[in-house]
Amino acid sequence: MPSDGSKSGRETSPVEASRSEARKADQELMDRVAHGDAQAFQQLVDAGIDRVTSVARRMLGDDAEAEDIAQEVFLRLWRQAEKWDGGRAQVSTWLYRVTVNSCIDRLRGRREDTVEELPEVRGEATQQQKLEEGDLQEYVDRAMQKLPERQRMALALFHYENLSMSDVAETMDISVEAVESLLARGRRTLKQSLKSHWTAYLPDAPE
Amino acid sequence: MTKRENKDLKRLEDILDTYGAVRSRWPESERKSLESLIRRDVAAQRMLAEAAALDRIIDMAPGMIASQDLKDRILAAAMNDSEKEARVIPFGSRKRGASQPGVGQVRTYWPAAALAASFAFGLYLGVAGLGDQAYDGAVEVSGLSSEASEWGGVTYWLDYGSVTSTEGIL
C-alpha cells in the first residue's frame, strides 16, 4: 500500500487523499460492524448492494443468482468485519473483488454448453428497428454472456461500473496491461457479434 | 495517407477498442493528440462514431437494482447469523463438522452461567448417548463449520468462516 509520501517529501495527490479518507470512513464503519452494529451494516449494504447485484447480473446473466451472490458477499462482509484491515482496501473494492470471485466460482460450476448460441442475424441495420427494446436488451445480454468470463468481468467493471483502469486491475488482481487486453478483446468480439445493431446508431444509418 | 497518420489512426483504434468512445476515460497522456487527430481526420471521426454506437448498444445489457426485499433478507440473515455465532456447543465425544459455509469468529464472552448450563447439557447428552446426533443436528441447522478451542478450562466450539478464493483480501 502506498505511503502518504512523507518519507520522500512527495505531496499526497488529491486522489490518494480522497482514497485515504474513504478507507478511514470504511474502517470506522467496519469497526462498528465488528461489534454487531446493524445500522452500520445497513449503511454498507445500502451503499454497495447495487454495485454487487449489477456486476453479478452481468457476469451471470440471471437475476436470482445475482441476488444469491449479493447475500453471500454481504454475509461474508458481516462475518469478516473483525478482521478488516482498512489500510489495504476500500470496502467498495473488496465488494467488487469478492463479487467477481464468487461469480467465477459459480460459472465454473456450470456446464460450458449451457449458454445458447446467438441466433443468426440477417438483414441490414434496419433490423434494429424491428426489435423491441426488451428483445435488444436480451440480445446484448446474451452476447455478453458468450464472452469469456474474464473479458466479461473487465467490461462489467470498467464499462458499466466506471471503475478506473487501475481499480479494475486491483479488483481482478492482474496488471493494467492485462485489463486493457481483456477489454479490447471483449469489445472487438461484441463489435462483430452486435454489428447489425450498433450500426443502426451511426449518424448516417438508414432510417 | 502518411505513415504517421496511419500509425495515429491505429493508435486511436486501439484506444477505442479498449476504452470506448468516452474521451474522459482515455489515458490522459494521449487524449489531446487523439482529439486533435479526430478534429482533422474524417476516418478518425468515423471510428469515434462507430465506437460511440457500440457503447450505446453495450449499455443496453441489463444491470440490476437491488430490491428492498433483498436488502431486508440480507439484514435479517446477518442478524440471525449473529445469534448463531454466539451459540456454545459443549464438547463431548463428537466429530468435527464437515466443511460448510460458516460464520465469523465468536467474539462474545459468555457468562459463566451459560457455560455451566451448556456443560451440564453436554453431560446429559453424553449420558443419554445423544451427543453426536445433537451436534450433527446443530451443524446441519446452522450451516456451520467448526473447530474446537479452549477457553476458561472448558472446551467448546468456535465457528469460522469458510475459506474461499477470496480469502486474504482483507
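Line by line, the protein sequences are chains A and B.
Under this note's numbering, the letters of the first sequence match residues 1 to 207, in that order.
Under this note's numbering, the letters of the second sequence match residues 1 to 170, in that order.
Backbone N, C-alpha and C fix where the C-beta goes; we use that ideal spot for every residue, glycine too.
For this session: Can you grab the Cα-Cα spacing for the pair Gln100 (chain B) / Leu157 (chain A), in whole Å?
Result: Translated into positions along the second sequence, residue 100 (chain B) becomes position 100. Translated into positions along the first sequence, residue 157 (chain A) becomes position 157. Here the model assigns Gln100 (chain B) a pLDDT of 36, short of 50, so the residue's position is not dependable and the matter cannot be decided.
Exercise. Going along chain B, which residues have a C-beta under 8 angstroms from Ile49 (chain A)?
Worked result: Walking along the first sequence from the start, residue 49 (chain A) turns up at place 49. Ala66, Leu70, Lys71 and Ile74, listed in chain order.
Exercise. Quick one, which of A:Pro203, A:Leu95, A:Ser175 and A:Gly186 has its alpha-carbon nearest Ile58 (chain B)'s?
Worked result: If you number the second sequence from 1, residue 58 (chain B) lands on position 58. Ranking the options by Cα distance to Ile58 (chain B), first place goes to A:Gly186.
Problem set entry | Arg73 (chain B) to Pro203 (chain A) span [Cα, whole Å] | Indexing the second sequence from 1 puts residue 73 (chain B) at position 73. Indexing the first sequence from 1 puts residue 203 (chain A) at position 203. Going from the Cα of Arg73 (chain B) to the Cα of Pro203 (chain A) covers about 47 angstroms.
Exercise. Do we get a CB-CB distance below 8 angstroms when we pair Lys146 (chain A) with the residues of chain B?
Worked result: Position 146 of the first sequence, counting from 1, holds the residue named residue 146 (chain A). No, Lys146 (chain A) lies away from the interface with chain B (no Cβ there is under 8 angstroms from its Cβ).
Problem set entry | Under 8 angstroms between C-beta atoms of Ser54 (chain A) and Tyr160 (chain A) | Stepping through the first sequence from its first residue, residue 54 (chain A) is reached at position 54. Stepping through the first sequence from its first residue, residue 160 (chain A) is reached at position 160. In terms of Cβ geometry, Ser54 (chain A) and Tyr160 (chain A) form a close pair [threshold 8 angstroms].
Exercise. Which bits of chain B does Gln42 (chain A) rub up against, with CB to CB less than 7 angstroms?
Worked result: On the first sequence, residue 42 (chain A) is found 42 positions in, with the first residue counted as 1. Per Cβ cutoff of 7 angstroms: Leu75.
Exercise. Mind checking Met79 (chain B): buried by the 16 CB within 10 Å criterion, or exposed?
Worked result: As a first step, residue 79 (chain B) must be located in the second sequence, where it is residue number 79. Burial call: exposed.
For this session: Go ahead and label Arg255 (chain A) buried or exposed: buried means 16 or more other beta carbons lie within 10 angstroms of its beta carbon, across all protein chains shown.
Result: An answer regarding residue 255 (chain A) cannot be provided, because it is not within the stretch 1 to 207 covered by chain A.
Exercise. Using CA coordinates, which residue listed in A:Trp198, A:Ser181 and A:Ala205 is at the minimum distance from Tyr19 (chain B)?
Worked result: To locate residue 19 (chain B), count along the second sequence from 1; it is residue 19. In terms of Cα proximity to Tyr19 (chain B), the closest of A:Trp198, A:Ser181 and A:Ala205 is A:Ser181.
Exercise. Taking the alpha-carbon positions, what's the Leu190 (chain A) to Met144 (chain A) distance?
Worked result: Locating residue 190 (chain A) in the first sequence gives position 190, where the first residue counts as 1. Locating residue 144 (chain A) in the first sequence gives position 144, where the first residue counts as 1. Cα to Cα, the separation comes out at about 7 angstroms.
Problem set entry | Start-end ranges of the alpha helix (DSSP H) lying completely within the segment 63-117 of chain A, minimum 4 residues | Qualifying alpha helix (DSSP H) stretches, in chain order: 63-80 and 91-109.
Exercise. What residues in the segment 38-54 of chain B bring their beta carbon closer than 7 angstroms to a beta carbon of chain A?
Worked result: If the cut-off is 7 angstroms between Cβ atoms, the segment 38-54 of chain B has Ala49, Glu50, Ala53 and Leu54 near chain A.
For this session: Out of A:Ala89, A:Gln71, A:Ala81 and A:Lys24, point me to the one whose CA is closest to Asp50 (chain A)'s CA.
Result: By one-based count along the first sequence, residue 50 (chain A) stands at place 50. Comparing Cα positions, the closest option is A:Gln71.
Exercise. Can you give the Cα-Cα distance for Arg106 (chain A) and Asp173 (chain A), rounded to whole angstroms?
Worked result: The residue given as residue 106 (chain A) occupies position 106 in the first sequence. The residue given as residue 173 (chain A) occupies position 173 in the first sequence. When the Cα atoms are used, Arg106 (chain A) and Asp173 (chain A) turn out to be separated by approximately 19 angstroms.
Problem set entry | Proximity winner among A:Pro14, A:Ser166 and A:Gln80, relative to Gln27 (chain A) (alpha-carbon distances) | Mapped onto the first sequence, residue 27 (chain A) falls at position 27. Comparing C-alpha distances from Gln27 (chain A) to each of A:Pro14, A:Ser166 and A:Gln80 shows the shortest one belongs to A:Gln80.
For this session: State the DSSP-derived secondary structure class of Ala49 (chain B), mapped to helix, strand or coil.
Result: Counted from its first residue, the second sequence places residue 49 (chain B) at position 49. Correct three-state label for Ala49 (chain B): helix.
For this session: Classify Ile65 (chain B) as buried or exposed, calling it buried when 16 or more other Cβ atoms lie within 10 Å of its own Cβ.
Result: By 1-based counting over the second sequence, the position of residue 65 (chain B) is 65. The residue in question, Ile65 (chain B), is exposed, as its Cβ has fewer than 16 Cβ neighbours within 10 Å.
Problem set entry | Within 8 angstroms, strictly: CB atoms of Leu95 (chain A) and Gly48 (chain A) | Within the first sequence, residue 95 (chain A) is the residue found at index 95, counting from 1. Within the first sequence, residue 48 (chain A) is the residue found at index 48, counting from 1. Annotated as proximal: Leu95 (chain A) and Gly48 (chain A), with beta-carbon spacing under 8 angstroms.
For this session: Consider the Cβ of Asp8 (chain B): report whether some Cβ of chain A lies at a distance smaller than 8 angstroms.
Result: Here residue 8 (chain B) refers to the residue found at position 8 when the second sequence is read from its first residue. At a cut-off of 8 angstroms, the C-beta of Asp8 (chain B) has no neighbouring C-beta in chain A.
Problem set entry | Residue-chain proximity (Val91 (chain A), chain B), Cβ-Cβ < 8 angstroms | Taking the first residue of the first sequence as 1, we reach residue 91 (chain A) at position 91. Taking Cβ atoms only, chain B never reaches closer than 8 angstroms to Val91 (chain A), which makes this a no.
Problem set entry | Among B:Leu54, B:Ile38 and B:Asp69, the one whose alpha carbon lies nearest that of Asp17 (chain B) | Your numbering for residue 17 (chain B) matches position 17 in the second sequence. With distances taken between Cα atoms, Asp17 (chain B) lies closest to B:Leu54.
For this session: Give me the Cβ distance between Thr93 (chain A) and Asp167 (chain A), rounded to the nearest whole Å; I'm assuming they're in contact under 8 angstroms.
Result: Counting from 1 along the first sequence, the entry for residue 93 (chain A) is found at position 93. Counting from 1 along the first sequence, the entry for residue 167 (chain A) is found at position 167. The Cβ separation is near 7 angstroms, so the contact holds.
Exercise. Sorted by chain position, which residues of the same chain lie with C-beta nearer than 7 angstroms to Ala22 (chain A)'s C-beta, five sequence neighbours on each side aside?
Worked result: As a position in the first sequence, residue 22 (chain A) is number 22, starting the count at 1. Closer than 7 angstroms at Cβ, skipping near neighbours: Gln90.
Exercise. In angstroms, rounded to a whole number, what distance separates the CA positions of Arg97 (chain A) and Ser67 (chain B)?
Worked result: Locating residue 97 (chain A) in the first sequence gives position 97, where the first residue counts as 1. Locating residue 67 (chain B) in the second sequence gives position 67, where the first residue counts as 1. Rounded to whole angstroms, the gap between the alpha carbons of Arg97 (chain A) and Ser67 (chain B) is 22 angstroms.
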